[in-house]
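Everything on this sheet refers to the single structure shown next.
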Amino acid sequence: MCGIVGYIGDEQAAPILLDGLSRLEYRGYDSAGMAVYDGQKINVVKSKGRLKILNELTHGGETLPGMLGIGHTRWATHGEPSDTNAHPHYNSDESIVVVHNGIIENYLKLKKKLEAHGYEFRSETDTEVIAQLLDFYYKGNPLQAITKIMHRMEGSYALGIIFKDHPDELYAVRKDSPLIVGHAKTGNIIASDVPAILRYTRDVYFIENEEIVRMTKDTMEFFNVDEEPIEKTSTRIEWDVNAAEKGGYEHFMLKEMYEQPKAITDTFSPRIKDGKIVIEELGMTDEEIRAIKKIMIVACGSAYHTGMTSKYIYEGLARIPVEVDLASEFRYRNPILEEGTLVIIISQSGETADSLAALREAKKRGARVLGIVNVVGSSIAREADNVMYTWAGPEIAVATTKAYSAQLIAQYLLAMKFAYVRGKLDDAGLASMLDDLRELPSQVEMLLNNKEKIQKFANRYLAAREVFFIGRGIDYAISMEGSLKLKEISYIHSEAYAAGELKHGTISLIEDGTLVTAVLTQPDLYKKMISNIVEVKTRGAFVLAVTNTGNTEVEKTADYVIYIPETNRYFTNSLAIIPLQLFGYYVSIGKGCDVDKPRNLAKSVTVE
Ligand code: G6P
1 MCGIVGYIGD EQAAPILLDG LSRLEYRGYD SAGMAVYDGQ KINVVKSKGR
51 LKILNELTHG GETLPGMLGI GHTRWATHGE PSDTNAHPHY NSDESIVVVH
101 NGIIENYLKL KKKLEAHGYE FRSETDTEVI AQLLDFYYKG NPLQAITKIM
151 HRMEGSYALG IIFKDHPDEL YAVRKDSPLI VGHAKTGNII ASDVPAILRY
201 TRDVYFIENE EIVRMTKDTM EFFNVDEEPI EKTSTRIEWD VNAAEKGGYE
251 HFMLKEMYEQ PKAITDTFSP RIKDGKIVIE ELGMTDEEIR AIKKIMIVAC
301 GSAYHTGMTS KYIYEGLARI PVEVDLASEF RYRNPILEEG TLVIIISQSG
351 ETADSLAALR EAKKRGARVL GIVNVVGSSI AREADNVMYT WAGPEIAVAT
401 TKAYSAQLIA QYLLAMKFAY VRGKLDDAGL ASMLDDLREL PSQVEMLLNN
451 KEKIQKFANR YLAAREVFFI GRGIDYAISM EGSLKLKEIS YIHSEAYAAG
501 ELKHGTISLI EDGTLVTAVL TQPDLYKKMI SNIVEVKTRG AFVLAVTNTG
551 NTEVEKTADY VIYIPETNRY FTNSLAIIPL QLFGYYVSIG KGCDVDKPRN
601 LAKSVTVE
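Have a look at this one:
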């Protein structure tokens, strides 16, 4: 996500900020900026694009003199990437300046309140609301103003703040977004992540939720939300810089798999209000939702697989017919888009050439297009009629994991919303599904923590020539993604098959010892799946089954069983995919492949 660096000391701040920000570049960002106090005023320079531009604009920091400053790399959430939306953000008279990581969920409400008091806003960001809210409460005591806004803000934040009236102080505060501070030789420094600080000190303080830091160039004090001083001890960082960028994980893919609980929560929680699903950005009235005659989901790669899963949910739950198509096929097949068709384009990057072309084609034919996109301000996000963002944060590993999981959640929300509005899901049904949805993050975490079991199993298959994945219904869609994960990063040929289709060809490929992964999460299909497992076992297959807790019957047929926790039948993909991602990952690293950058593949496919 975004990056924060702040400095107060005896050296020029801007070069230190630029250096620190460059160490956070790996996190992904779309704009960057700095604010430095020059002895009279706080000067801000910010720009859309790479850090290189900020470097050039300030001549490596030279044109921003001063020894107190804050810097930021922004990954857009509220408002497209632009010079204006880039951080830092000021209050109206430019006496308070803020950089922010995280999302203020009630920012619109706060903004309205401030507007009613005559405040005007320059940007579309939630961060500017923070600067203006500080202004509103500031009566000469920064600490007091900070605690006041903490009581009013909902959501997550790590903030670096400068008050012009207090030119010898730098403030920082956090809630649910990481922040660390450290004593450097020539002053004090704050950062959102360890790599930005390692060059200056290895002894850091990890700021906990709702803790505030007040720093001068020599001192560092910590307070709680009641303005009471608190004691903290520092931690010595032993990691090397490379490891730190991966947050201590060996690879980005593993780190991103571990970020899935957060990606899931961040995608659903802002959209559940008072027990109802509120998707303002959908821009559709209930009447328009009731008028949907058909949904056409168009995407590539893993995003297409999430579409395959959601087809079963839109149809089963909301009773809306769904067609899922690969973008590269859709764009050339003269599709029929009758009135009442909602086209949904799903894309992590928002830049995939075929998906973008499909979007344009659909619009040209008069369809309403909804984008489900991870990168804010990307082409698909800009060109779709409406965009629903997945809040997975930047994804670096080529093989998607957390963006995939967030795409599933976005579609669960849409399907539940549509079903509810169309009278196919009642209040009790919705409440029970939302309860299950809220459980998913901890259930995913539990499955991830079981990784050693999968690692051991994976190590037995490093020499496999091919692997089959079978399932029915949603489980077929999960199998497609499980198969893709394995083949793209381990270079082992694998194929996903609808289990009922086995007899029509694939079964002739099963030999002694062939690994078949069977996914069984839909109770009404257990028996059918068990018959399919028996069929492949009779031909010598070794069967790994992924099924729901309690379905112990499968142990009689499968050779190895992984259980997933109980959830709503429509949400099982979010859990069953975790062991399959881990399997692909461990086979890949066991074989010594470059798991984060598999050969011949690109993260964002911007050419046809
Ligand atoms: C590439 C990536 C996949 C991704 C697909 C679609 O192939 O490696 O992980 O699923 O593109 O990308 P998009 O950005 O549109 O989701």
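Numbering (our numbering), first residue to last: 1 to 608.
No residue lacks a Cβ here, since even glycine has one placed at the ideal position from N, Cα and C.
Review point. Apart from the five residues on each side of it in sequence, which residues of its chain come closer than 8 Å, Cβ to Cβ, to R331?
Key: Cβ neighbours of R331 beyond the five flanking positions: D354, A357, A358, E361.
Check your understanding: Beta-carbon separation of A558 and L580 under 8 Å?
Key -> Cβ atoms of A558 and L580: not closer than 8 Å.
Review point. Any heavy atom of the ligand G6P closer than 7 Å to the CB of C648?
Key: An answer regarding residue 648 cannot be provided, because it is not within the stretch 1 to 608 covered by the chain.
Point to revise | Inter-residue Cα distance where the pair is M67 and R460 | key: Their backbone Cα atoms lie some 57 Å apart in a straight line.
**Study point:** Residue range of the unbroken alpha helix (DSSP H) whose run includes G590
**Key:** Going by DSSP, G590 is part of the alpha helix (DSSP H) stretching over 572-590.
Review point. Is the distance from the Cβ of S92 to the Cβ of Y119 below 8 Å?
Key: Result yes, Cβ atoms of S92 and Y119 sit closer than 8 Å.
Practice item. Output the residue ranges of the beta strand (DSSP E) runs that lie fully inside the segment 157-195 and measure 3 residues or longer, sorted by chain position. Key: The beta strand (DSSP E) runs of length 3 or more contained entirely in the segment 157-195 are, from start to end of the chain, 157-163, 170-175, 180-184, 187-191.
Point to revise | Proximity of I103 and G6 at Cβ, strictly below 8 Å | key: Cβ distance not < 8 Å, so I103 and G6 don't count as in contact.
Review point. Of the choices E501, G505, G584, whose alpha-carbon is the least far from that of K487?
Key: Relative to the Cα of K487, the nearest Cα in the group E501, G505, G584 belongs to G584.
Check your understanding: For the ligand G6P, any of its heavy atoms closer than 7 Å to the Cβ of A357?
Key -> No, the Cβ of A357 stays beyond 7 Å of every heavy atom of the ligand G6P.
Review point. Between the segment 585-594 and the segment 414-424, do at least 3 Cβ pairs fall closer than 8 Å?
Key: In this structure the segment 585-594 does not touch the segment 414-424; the number of beta carbon pairs closer than 8 Å is below three.
Practice item. Return yes when the C-beta of Q621 is under 7 Å from any heavy atom of the ligand G6P, and no when it is not. Key: Residue 621 lies beyond the stretch modelled for the chain, which goes from 1 to 608, so this question has no answer here.
**Study point:** Selected residue, minimal CA-CA separation from E280, among G473, A410, R365
**Key:** Per the Cα distances, A410.
Exercise for review: Within the same chain, show all residues whose beta-carbon is closer than 8 Å to that of E56, passing over the 5 residues directly before and after it, in chain order.
Suggested key: Result list for E56: empty, nothing under 8 Å.
Practice item. Could you tell me the distance, in whole angstroms, from the CA atom of I533 to the CA atom of S379? Key: Cα-Cα distance, rounded: 44 Å.
**Study point:** Three or more C-beta pairs below 8 Å linking the segment 172-181 and the segment 13-21
**Key:** Too few Cβ pairs lie closer than 8 Å, so no.
Review point. Can you name the residues that DSSP bridges to T517?
Key: Under DSSP, T517 takes part in a beta bridge, and its partners are F469, L544.
Check your understanding: Within the chosen definition, does the segment 236-245 reach the segment 186-196 through at least 3 CB pairs nearer than 8 Å?
Key -> Contact holds: three or more Cβ-Cβ distances are below 8 Å.
**Study point:** N43 (DSSP reduced to helix, strand or coil)
**Key:** When DSSP states are grouped into helix, strand and coil, N43 belongs to the strand group.
Exercise for review: Figure out for me which residue from S574, K112, L440, H166 has the closest Cα to the Cα of Y404.
Suggested key: The shortest C-alpha separation from Y404 is found at S574.
Check your understanding: Can you give the Cα-Cα distance for V36 and T201, rounded to whole angstroms?
Key -> Approximately 22 Å between the Cα atoms of the pair.
Practice item. Have a look at K597 and Y563 and give me their C-alpha separation to the nearest angstrom. Key: Rounded to whole angstroms, K597 to Y563 spans 30 Å at the Cα level.
**Study point:** Range covered by the beta strand (DSSP E) that runs through I371
**Key:** Rather than Ile, the amino acid found at residue 371 in this sequence is Gly. 368-373 is the extent of the beta strand (DSSP E) around G371.
Check your understanding: What residue does the alpha helix (DSSP H) around A681 start on, and which one ends it?
Key -> With the chain running from 1 to 608 in the structure shown, residue 681 is simply not present.
Check your understanding: Thinking C-alpha only, which one of F468, P394, T549, L484 is nearest Q443?
Key -> Out of F468, P394, T549, L484, the CA that lies nearest to the CA of Q443 is found in T549.
Review point. Any idea if R122 is buried or exposed, counting beta-carbon neighbours within 10 angstroms, 16 or more meaning buried?
Key: Its Cβ having fewer than 16 others within 10 Å, R122 is exposed.
Review point. Among E210, Q407, G160, T219, which residue has its Cα nearest to the Cα of T186?
Key: Nearest in C-alpha terms to T186, of all of E210, Q407, G160, T219, is T219.
Check your understanding: Would you call the CB atoms of S483 and A496 closer than 8 Å?
Key -> Yes. Within cutoff.
Check your understanding: In the DSSP assignment, what are the bridge partners of P229?
Key -> P229 pairs with F223.
Check your understanding: For the segment 445-501, which segments carrying the alpha helix (DSSP H) assignment without a break, of at least 4 residues, lie completely within its bounds, in sequence order?
Key -> If we require 4 residues or more, the alpha helix (DSSP H) runs fully inside the segment 445-501 come out as 451-459, 474-490.
Practice item. Provide the residue span of the beta strand (DSSP E) that contains N617, from first to last. Key: Because the chain in this structure spans residues 1 to 608, residue 617 falls outside the shown range and cannot be described.
Review point. Roughly how many angstroms lie between the CA atoms of G160 and D83, to the nearest whole one?
Key: Taking the straight line joining both Cα atoms gives about 19 Å.
Review point. Hey, is T352 close to the ligand G6P, as in C-beta under 7 Å from one of its heavy atoms?
Key: Yes, Cβ of T352 sits closer than 7 Å to a heavy atom of the ligand G6P.
Practice item. Excluding the 5 residues preceding and the 5 following K164 in the sequence, name in chain order all residues of the same chain whose CB lies nearer than 6 Å to its CB. Key: Cβ contact annotation for K164 (same chain, cutoff 6 Å, sequence separation greater than five): I42, S95, in chain order.
Review point. Expressed to the nearest angstrom, what Euclidean distance is found between the alpha-carbon atoms of G155 and V44?
Key: Going by C-alpha positions, G155 is about 26 Å away from V44.
Review point. Would you call the CB atoms of V375 and G350 closer than 8 Å?
Key: Taking 8 Å as the cut-off, the beta carbon of V375 is found closer than this to the beta carbon of G350.
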